[in-house]
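Residue numbers (my numbering): 5 to 501.
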């Protein structure tokens, strides 16, 4: 069975029943089906065929679902991306994926649309809750033969795009496992869908899982300001909230000022970054229920583990693995650690992707013998509860979003006078971490100011990737093999806080 068959079955059952809340009002299943039918006809007339790809640069909205469903009905692959990822990164990703067309919202900046047009990518502007028009034709490329449903894009450690293709079976299995693991999920539930759809957690759990279990959802295009999201939860009576820890902090503070205005919440689930247990009491008081921390990776569709319920949760852990996942601990050389409680986590299961998209090098490094290397150093106790100890990779997590140091460094190193840039995570009370750059200058360029480099990055990177601090240094810590020791710089930042 495919996802489009599951969703079409949902839409055809009780068509007059409310499906989602958007922009202050409820819409029925019939409304979404009509949108999807119109999108399907439009894309088919434009020449879209099996195995082609559609890129979406749209916020969470009814049209996101309509385009997604139309793409799947025609045998295509839906690719939701972040419009704010930066023009260069986006164009690189488009060159990798070779989409039929790019669908953008009316709020996408004209400069980005110009860049798409200048690079001959068919661009379709679509409203968020009504059908788009497209009188032209898309670009036809070699079709994918795999049963891919979605491709998520991230920046690789070199700054080049790294794409994660997930099949219909991957996503369906992850929904099945979530439903089996968290047994209280019901068709009567109303999910808060506020995490961006280009974020695997938001896409699968906020968007697809409600269809899978027959529930409704509250769709929010933008989280900020938190008071607006809280008001939407009140008005729509959303009872299952899926948030990253940064959002939890913002909402808990706002609720406290509103004298506890949030209605009864059934489940509060956090993922995408490490949950700060110091705020647990404040969060529990604000929402009326304790948070269930979970753990997911895009390559796992994405949920790998989560605390099942308030009674059995272990604060400071991400809970137990979902049914269907096989876990193995290895050392950093890839050797299995038998009877060990700590190590690098490798996983296998029906939710796990098989490879990266057209990327043999990264595939060889991370996928072996059916297992995927999560890149995380974890501890697993006797009851199977997982605690994330550290990240083996150098990824910086800013409010739940990944920042790859080499991508930021590549930008900084292009600035005239910069000899070497090294970027590490600096602890931050709001977003968990923020990027900080250590800069070694050329000897003849001593007059560069930190603000010069920060402005340079702002013009070329997403806001969350821009370094919040610049420190000029005379030397950098180097290993005996000539490798820059990032861990020394990271430790230096932790000791300051």
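The C-beta atom is built at its ideal place from N, Cα and C for all residues, glycine as well.
Counting only runs that start and end inside the stretch 64 to 142, the beta strand (DSSP E) elements of at least 3 residues fall at 81 to 84, 105 to 108, 127 to 129. The three-state reading of DSSP puts residue 297 in strand, counting E and B together. Per DSSP, the continuous alpha helix (DSSP H) segment holding residue 178 begins and ends at 172 to 185. Remark: fewer than three beta-carbon pairs, one from each stretch, lie closer than 8 angstroms, so the stretch 27 to 43 and the stretch 188 to 204 are not flagged as touching.
The alpha-carbon of residue 362 is positioned some 34 angstroms away from that of residue 482. When the alpha-carbon of residue 346 is set against those of 316, 304, 390, 373, the nearest one is in 390. Just so you know, the alpha carbons of residue 411 and residue 143 end up roughly 29 angstroms apart. Residues 194, 267 of the same chain have their beta carbon placed closer than 7 angstroms to that of residue 241, with the five preceding and five following residues left out of the count. Annotated as proximal: residue 468 and residue 403, with beta-carbon spacing under 8 angstroms. Considering only 80, 83, 236, the residue with the shortest C-alpha distance to residue 24 is 236. Under DSSP, the beta-bridge partners assigned to residue 442 are 426, 475. Between the stretch 129 to 136 and the stretch 316 to 335, the count of Cβ pairs shorter than 8 angstroms is below three; the stretches do not touch. Rounded to the nearest whole angstrom, the C-alpha separation of residue 29 and residue 225 is 14 angstroms. For the pair residue 46 and residue 116, the Cα-to-Cα distance works out to about 24 angstroms. DSSP places residue 375 in the strand class (E or B) of the three-state scheme. Of the candidates 77, 113, 342, 72, the residue whose Cα lies closest to the Cα of residue 89 is 113.
At least 8 angstroms separates the beta-carbon of residue 253 from that of residue 205. Taking the Cα of residue 406 as reference, the smallest distance to any Cα among 470, 64, 480 is reached at 470. Judged by beta-carbon spacing, residue 256 lies within the 8 angstroms limit of residue 287, meaning their Cβ atoms are closer than that value.
Inclusion of residue 413 and residue 427 in the CB contact set at 8 angstroms is warranted, their separation being smaller than that value. In the displayed model, residue 390 falls within a strand according to three-state DSSP. Residue environment for residue 191: exposed (fewer than 16 other C-beta atoms within 10 angstroms of its C-beta).
No residue range can be given for residue 326, since it is assigned to no beta strand (DSSP E) and is classified by DSSP as neither H nor E. The Cβ-Cβ distance between residue 493 and residue 442 falls below 8 angstroms. Annotation: the stretch 183 to 265 contains the following complete segments of the alpha helix (DSSP H) (minimum length 4 residues), in chain order: 213 to 217, 230 to 240, 249 to 261. For residue 40, the enclosing alpha helix (DSSP H) has its first and last residue at 33 to 49. Rounded to whole angstroms, the gap between the alpha carbons of residue 459 and residue 438 is 16 angstroms. Annotated as distal: residue 307 and residue 127, with beta-carbon spacing of 8 angstroms or more. Only residues of its own chain outside the window of five on either side were considered, and among them 73, 76, 77 have a CB closer than 7 angstroms to the CB of residue 8, listed in chain order. Residues 119, 123 of the same chain have their beta carbon placed closer than 7 angstroms to that of residue 95, with the five preceding and five following residues left out of the count. Residue pairing by DSSP places residue 432 opposite 436 in a beta bridge. Under the DSSP assignment, residue 366 falls in the alpha helix (DSSP H) whose first and last residues are 364 to 370. Relative to the Cα of residue 365, the nearest Cα in the group 167, 248, 356 belongs to 167. The beta-bridge partner set that DSSP reports for residue 382 consists of 347, 392. Going by DSSP, residue 414 is part of the alpha helix (DSSP H) stretching over 409 to 417.
Under the three-state reduction of DSSP output, residue 500 falls in the helix class.
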